[in-house]
Structure formats: structure tokens, C-alpha cells
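Trainee: Going left to right, the sequence shown walks through residues -21 to -1, 1 to 305 as mature numbering (1 follows the signal peptide of the UniProt record, and there is no 0) numbers them.
Idealized CB from N, CA, C, for every residue including glycine.
Before I ask anything, let me first share the structure, which is written out below as C-alpha cells.
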Amino acid sequence: MRRYVSFALTLLACVALDAGASESASGSFTANKVCEAYSSFAKRTNPGEVKVAAGTAYTVREINKVDYDWLRVEVPGAQPSLRWVQRDCGTPALSEKPAAPPAGASGEVCSLPNQEDSYVLAITWQPGFCEHTKYNGKKPECDAMNGGTLPAKTLSLHGLWPNKKECGTNYGSCQGQQFALSKDTVEKIAPWMPNFFYERTFGAYEWNKHGKCQSLAPDDYFLKAVSAVRVVNDSEVGSIVLGNVGKNIRVSDFFDRIKQRYGAQVADSITLVCTGHKYLQEIRVSLATDFSTDRDLPRMMANAKPSGVRALGCADEIYVEAAGKD
């Protein structure tokens, strides 16, 4: 019996080290060398033997304590994608020093609806995701795309994420209206969020995690998100991506073109996300809470907060994958 009690206490201690004492954080972490990226630093577990790449910037999600020596970062393409990396592996650039929660507050403040102070529009380049991410047969749209029956003619919606500054990236999973969409809405959004051609699973996930934290009803939320993707798709951003399918592009050239066309404010509010250090997977666009989709890109992005990092998991030169397995 003592042996089992001792084991249980040890297990609980490991969990507490990895999660219970962690602090929400935001910003970037640039690796200076190749380092292990652990799902649990206390137990040194590393599914897939994932490592961060020298010279690559990663989004910071958490730190293990205020006076931290471990950071939890997002590693695109890893399963799970959130990994712990030692602080001395690189250079952190946190948005601000973590603050103690307000008196009487708890983690619940990050699950209260209608508290957002900004948005992130996450846009997928579907071929880059489908061909180079292990989706384990759970993405019928990827099976169709890799099989050659679903083309990639536009950018696609991943999600529209309300954010709250004091919660870092942990604002979500609020209480709210149940997920349900009209047939008309599904028909309108499916070409821009192709999982809807086959099922409702991914849409329900995005609604439950993010959509419930804002005030729009499900139909209006997804229609507005798709409208925002269309604005980006019809902009210089979409022109660059769609005009370079099957080709390499330099990250610096991408941002130079955006800055030349729209100015520094727009360029500084966009982040490219790659998988395998090479393949474009996602474009993240910062938006203000009052953004409107009946405008061009600069006006839709007016008053957006700078993203703080241009590229996550991307080499200097990246590849825009074509649809269909080679």
C-alpha cells in the first residue's frame, strides 16, 4: 500500500510541476540551439522526439513560474503542439511580466464571455496542413485533398479567436449558446472551412473553445469569420500565397510586399506559421474587437495590436505546398 501511495504522490507532484504552478504568458521565444521540447518537463516525456530548431521563433503560451526557467511554447506540427523548453535554450521576449491575478479572481476569469480585448483570425493554407501534419485520419477534408478530390483555390478558415490580455492565450471555453448552424450558413462557409463539407466536428470544437466567448450567435460568428478570411484572401496576402503555389518564398519578401502595399501597421500584425520548419501552414491576423469585414484589409485591421513575431516555426525560405500528395 505504501508503494502505491508513494507512486501516487510522485505522480501528483509531476503534474503540479508542469501545470499547477504555471503562469499564463505571451510573447515569443527564439531558440539559439537545438533543444528537447517536452510535453512534461518534470517527467522528461517527449512524444515524437520533438526538438526546437536554432534560429526559429515560437509562440509562448505559459511559463512554469514567475521567476521561470521553463517556457511552454507552440511547436507547429508536433503532437501535442504545446511543449516545454528550457529558458537557457534561447532568448525569450515576453509581452509583459506575468502579473498576479486580481484579488478574489481565479482561472474562471479567463472563461467569462464577452471579456475580449482583441481577436486573432487564424487562416489555414490547407495543403500545407494536410500534407505535412499528422492528423491521424481525423480530417476527412485532408483525405479528400491528399487524394486529389478537393482542390485548394483559396485560403481557409481555422478559427476566429477572442483574446483577453490578462489571460494570455488561455481565454476560452466559456459558457454560452450551444453549437447549431442553419443549412444556409453551412453552405456558405463550407468552401472556406472545408471540414463542413463532410462533418461538423471541427466547427463545434472551434465554437466551444472560442466562439462562446463572444456575443455573436453561431451563424453570425462563422459568417463573419469567413467574411474576414475573404478579405485576406482577396488582398495582397492571398495574392502572394496563391501566386506561389508549388514554389518557395522568402519570409522577408512576403513582409516587404505587405509593408510596401499596406504599411508597417498591417505587416506587423500578421504572423506566418510553418510546419516542418519549411511548409506554410497558417497565417494569423490580429484584429481589434470592433473590426468590420465590409472593408479592405488595412481598414479591417485598423487598431489591431502588433503580433510581436513575424514567423513561428519557419525558416527564412518557406514552401507553399500544392494540393494533393506528390
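Assuming T272 contacts V210 (C-beta within less than 8 Å), just tell me the rounded distance between them.
Mentor: Sure, about 6 Å apart at Cβ, within 8 Å.
Trainee: Using only the alpha-carbon positions, how far apart do E178 and T133 sit?
Mentor: Taking the straight line from one Cα to the other gives about 20 Å.
Trainee: Give me the Cα-Cα distance between R278 and G151, rounded to the nearest whole angstrom.
Mentor: Roughly 27 Å between the two C-alpha positions.
Trainee: Using the three-state DSSP reduction, which class does G69 fall into: helix, strand or coil?
Mentor: In this structure, G69 counts as strand in the three-state DSSP scheme.
Trainee: Applying the criterion that 16 or more other CB atoms from any shown protein chain within 10 Å of the CB defines a buried residue, is D232 buried or exposed?
Mentor: Burial call: exposed.
Trainee: If T38 sits next to S7, beta carbons under 8 Å apart, how far is it from one beta carbon to the other, in whole angstroms?
Mentor: Right, the Cβ-Cβ distance comes to about 6 Å (below 8 Å), so this counts as a contact.
Trainee: Does the pairing of the region 161 to 177 with the region 200 to 209 give three or more beta-carbon distances under 8 Å?
Mentor: Yes, the region 161 to 177 is in contact with the region 200 to 209.
Trainee: At which residues does the beta strand (DSSP E) containing H137 begin and terminate?
Mentor: S135 to N142 is the extent of the beta strand (DSSP E) around H137.
Trainee: With P55 and T254 assumed to form a contact (beta carbons below 8 Å), what rounded beta-carbon distance in angstroms separates them?
Mentor: At roughly 5 Å, the Cβ-Cβ gap stays under 8 Å, so P55 and T254 are in contact.
Trainee: Work out the CA separation of N227 and L91 for me, nearest whole Å.
Mentor: Rounded to the nearest angstrom, the two C-alpha atoms are 43 Å apart.
Trainee: Quick one: what does DSSP say A246 is sitting in, helix, strand or coil?
Mentor: Residue state, collapsed to three classes: helix.
Trainee: C153 to C146, Cα distance in whole Å?
Mentor: Cα to Cα, C153 sits roughly 13 Å from C146.
Trainee: Name, in chain order, the residues that DSSP records as bridge partners for N227.
Mentor: Answer by DSSP bridge pairing, in chain order: Y298.
Trainee: Can you tell me which residues form a DSSP beta bridge with F8?
Mentor: BP columns for F8 point to Y37 and P71.
Trainee: In chain order, which continuous runs of the alpha helix (DSSP H) of length 4 or greater are located wholly inside the region 162 to 203?
Mentor: Qualifying alpha helix (DSSP H) stretches, in chain order: 162 to 168 and 180 to 188.
Trainee: To the nearest angstrom, how far is the alpha carbon of A246 from that of R229?
Mentor: Approximately 15 Å between the Cα atoms of the pair.
Trainee: So the candidates are A183, I237, L291 and P71; which of them puts its Cα closest to the Cα of L276?
Mentor: For L276, the nearest C-alpha among the options comes from I237.
Trainee: Return the Cβ separation of W140 and Y98 in integer angstroms, given the expectation that the two are a contact with Cβ distance under 8 Å.
Mentor: At roughly 6 Å, the Cβ-Cβ gap stays under 8 Å, so W140 and Y98 are in contact.
Trainee: Using only the alpha-carbon positions, how far apart do residue 312 and N149 sit?
Mentor: The structure shown does not extend to residue 312, since the chain spans only -21 to 305, so no value can be given for it.
Trainee: Could you give the DSSP three-state label for A207: helix, strand or coil?
Mentor: In the structure shown, A207 sits in a helix (DSSP, three-state: H, G or I).
Trainee: What residues in its chain sit with their C-beta under 8 Å from that of K30, if we drop five residues either side in the sequence?
Mentor: Counting only Cβ-Cβ distances below 8 Å, and skipping sequence neighbours, we find V13, C14, E15 and A16.
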